[in-house]
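Notes follow the structure.
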Amino acid sequence: GDSVTQMEGPVTLSEEAFLTINCTYTATGYPSLFWYVQYPGEGLQLLLKATKADDKGSNKGFEATYRKETTSFHLEKGSVQVSDSAVYFCALSDRFTGNQFYFGTGTSLTVIP
Amino acid sequence: GAVVSQHPSWVICKSGTSVKIECRSLDFQATTMFWYRQFPKQSLMLMATSNEGSKATYEQGVEKDKFLINHASLTLSTLTVTSAHPEDSSFYICSARAPQGSDEQFFGPGTRLTVL
Chain L
620 GDSVTQMEGP
630 VTLSEEAFLT
640 INCTYTATGY
650 PSLFWYVQYP
660 GEGLQLLLKA
670 TKADDKGSNK
680 GFEATYRKET
690 TSFHLEKGSV
700 QVSDSAVYFC
710 ALSDRFTGNQ
720 FYFGTGTSLT
730 VIP
Chain W
473 GAVVSQHPSW
483 VICKSGTSVK
493 IECRSLDFQA
503 TTMFWYRQFP
513 KQSLMLMATS
523 NEGSKATYEQ
533 GVEKDKFLIN
543 HASLTLSTLT
553 VTSAHPEDSS
563 FYICSARAPQ
573 GSDEQFFGPG
583 TRLTVL
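Chains as they are written, first to last, in the working numbering: chain L, 620 to 732; chain W, 473 to 588.
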C-alpha cells in the first residue's frame, strides 16, 4: 500500500544553516506530494506541493523536487530562521486510493539563534 | 485559499461526558471531510472519512459508536466523542477535500481535547 517514510528528528540547527529533511514514498499510482508545517498548538498548513515528476514546489524559501526515479521529495532550505522552528510533515495523495492522504511521522525542527 | 475552521479550539471535560467538535469549510463546499487524531509528537492518524449525506467510513480500529460523525451539510461535519475517557485526550484535526479537480486537502486548526 501507499506510504511515506520521513527522516526522523528532532533536528536542531543554527540560524542560517542549510536544512534538508528527507522524504521517500511508496505509491500505487502517480501521487501528488506535499509538505505541511505545524507550528506549536496549531493545525497543519500547506507549505508546498508538487503534482508530477520533476515538478519543484517552493514557498517561503523552502523547496522540494518530485523525483520519480528515487521516489523522493526531500525538503530543503538554504538558510533557516528561528521562525522556521516547527514540525514538518511529508504527505502524499494518490488518486488510485481515492485521494486519501498518507502522512510521514513528522520531523521536528528547532532553529537556535 | 480555502479556509477550514474548527470549534472549539480546546475543550476540557469530565470523564463520561460527550463532546462535540465542529468542522466547517468557510468559503467552499466540501462533499468529503476527514477526521484525524494526533498524539503528542506523532503523526496524524486518519480516523474516518465523512461524506455529505451518507454514513462515515471509519478506519480499522476506530470505534464508530464512540466517535460519532455527522456530515449533514456541504459545509459542516461534526465529531462527537461519546462517554469520553482520559485516553481519548488528544488533538483532533479535520480537513476538507478541495473543490472538484484538486487533490488537495485543507486542514482545520485542530481541537485539543482533555478529559479529566
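Backbone N, C-alpha and C fix where the C-beta goes; we use that ideal spot for every residue, glycine too.
For this session: Give me the Cβ distance between serine 487 (chain W) and leucine 588 (chain W), rounded to the nearest whole Å; I'm assuming they're in contact under 8 Å.
Result: Your numbering for residue 487 (chain W) matches position 15 in the second sequence. Your numbering for residue 588 (chain W) matches position 116 in the second sequence. Yes, serine 487 (chain W) and leucine 588 (chain W) are in contact; Cβ-Cβ is about 6 Å, under 8 Å.
Exercise. CA-CA distance, proline 651 (chain L) and aspartate 621 (chain L)?
Worked result: Along the first sequence, one-based indexing puts residue 651 (chain L) at 32. Along the first sequence, one-based indexing puts residue 621 (chain L) at 2. Note that residue 651 (chain L) is serine in the sequence shown here, rather than proline. Approximately 12 Å, taken between the alpha carbons.
For this session: With DSSP collapsed to three states, give me the class of phenylalanine 578 (chain W).
Result: On the second sequence, position 106 is the one that residue 578 (chain W) refers to. Phenylalanine 578 (chain W): strand per DSSP, three-state reduction.
Exercise. Taking the Cβ atom as the reference point for each residue, do alanine 520 (chain W) and phenylalanine 511 (chain W) lie within a distance shorter than 9 Å?
Worked result: Here residue 520 (chain W) is taken as the residue at index 48 of the second sequence, counted from 1. Here residue 511 (chain W) is taken as the residue at index 39 of the second sequence, counted from 1. Contact: no.
Problem set entry | C-alpha gap between isoleucine 731 (chain L) and lysine 675 (chain L), whole angstroms | Position 112 of the first sequence, counting from 1, holds the residue named residue 731 (chain L). Position 56 of the first sequence, counting from 1, holds the residue named residue 675 (chain L). Distance between the alpha carbons of isoleucine 731 (chain L) and lysine 675 (chain L) is about 28 Å.
Exercise. Taking one C-beta from the segment 707–716 of chain L and one from the segment 653–661 of chain L each time, how about it: are there three or more such pairs within less than 8 Å?
Worked result: yes
Exercise. In whole angstroms, what is the alpha-carbon distance linking threonine 504 (chain W) and isoleucine 541 (chain W)?
Worked result: Counted from its first residue, the second sequence places residue 504 (chain W) at position 32. Counted from its first residue, the second sequence places residue 541 (chain W) at position 69. C-alpha separation (whole angstroms): 12 Å.
Exercise. With respect to the beta strand (DSSP E) encompassing phenylalanine 720 (chain L), which residues constitute its N-terminal and C-terminal limits?
Worked result: By 1-based counting over the first sequence, the position of residue 720 (chain L) is 101. It spans 719–722 - the beta strand (DSSP E) in which phenylalanine 720 (chain L) sits, taken as one unbroken run.
Problem set entry | Assigned exposure category for lysine 668 (chain L) - 16 Cβ within 10 Å defines buried | Locating residue 668 (chain L) in the first sequence gives position 49, where the first residue counts as 1. Burial call: buried.
Exercise. How long is the line joining the alpha carbons of threonine 586 (chain W) and serine 481 (chain W), rounded to whole angstroms?
Worked result: For the purposes of this step, residue 586 (chain W) is taken as the residue at position 114 of the second sequence. For the purposes of this step, residue 481 (chain W) is taken as the residue at position 9 of the second sequence. Going by the C-alpha atoms only, they are around 11 Å apart.
Problem set entry | Interface residues of the segment 656–687 of chain L facing chain W [CB-CB below 9 Å] | Gln657, Gly660, Glu661, Gly662, Leu663, Gln664, Leu665, Lys668, Thr670
For this session: Can you tell me the Cβ-Cβ gap for arginine 569 (chain W) and alanine 502 (chain W), rounded? I've got them flagged as a contact below 8 Å.
Result: Indexing the second sequence from 1 puts residue 569 (chain W) at position 97. Indexing the second sequence from 1 puts residue 502 (chain W) at position 30. Sure, about 6 Å apart at Cβ, within 8 Å.
For this session: Measure the alpha-carbon distance for glycine 648 (chain L) versus serine 562 (chain W) and round it to whole angstroms.
Result: Position 29 of the first sequence, counting from 1, holds the residue named residue 648 (chain L). Position 90 of the second sequence, counting from 1, holds the residue named residue 562 (chain W). Each residue's Cα considered, the two are about 33 Å apart.
Problem set entry | contact_flag[the segment 541–550 of chain W, the segment 623–638 of chain L] where n(CB pairs < 8 Å) is 3 or more | Cβ pair count under 8 Å is below three, so no.
For this session: Select from the segment 705–726 of chain L all residues with a C-beta closer than 9 Å to any C-beta belonging to chain W, and list them in chain order.
Result: Val706, Phe708, Ala710, Ser712, Asp713, Arg714, Gly717, Asn718, Gln719, Phe720, Tyr721, Phe722, Gly723, Thr724, Gly725
For this session: Would you mind telling me which residues of chain L sit closer than 9 Å to glutamine 514 (chain W), beta carbon to beta carbon, in chain order?
Result: Within the second sequence, numbered from 1, the residue matching residue 514 (chain W) stands at position 42. Residues of chain L passing the Cβ test: Thr724, Gly725.
Exercise. Name the DSSP beta bridge partners of valine 730 (chain L), please?
Worked result: Here residue 730 (chain L) refers to the residue found at position 111 when the first sequence is read from its first residue. Looking at the DSSP assignment, valine 730 (chain L) forms a beta bridge with L:Leu632.
Exercise. So the beta strand (DSSP E) alanine 568 (chain W) belongs to, where does it begin and stop?
Worked result: Taking the second sequence and counting its residues from 1, the one referred to as residue 568 (chain W) is at position 96. In this chain, the beta strand (DSSP E) harbouring alanine 568 (chain W) covers 562–569.
For this session: State the CB to CB distance for the pair threonine 554 (chain W) and lysine 538 (chain W), rounded to an integer number of angstroms; the pair is presumed to be in contact (CB under 8 Å).
Result: In the second sequence, the residue the question calls residue 554 (chain W) occupies position 82. In the second sequence, the residue the question calls residue 538 (chain W) occupies position 66. Confirmed, Cβ separation roughly 6 Å.
Problem set entry | C-alpha distance - asparagine 641 (chain L) paired with glycine 662 (chain L), whole-angstrom precision | Locating residue 641 (chain L) in the first sequence gives position 22, counting from the first residue. Locating residue 662 (chain L) in the first sequence gives position 43, counting from the first residue. Looking at the two C-alpha atoms, the distance is approximately 22 Å.
For this session: Please decide whether leucine 546 (chain W) counts as near chain L, where near means a Cβ-Cβ distance under 9 Å.
Result: For the purposes of this step, residue 546 (chain W) is taken as the residue at position 74 of the second sequence. Not one chain L Cβ lies under 9 Å of leucine 546 (chain W).
Exercise. Mind checking if glutamine 577 (chain W) is an interface residue toward chain L, Cβ cutoff 9 Å exclusive?
Worked result: Here the question's residue 577 (chain W) lines up with position 105 in the second sequence. It does; some Cβ of chain L falls within 9 Å.
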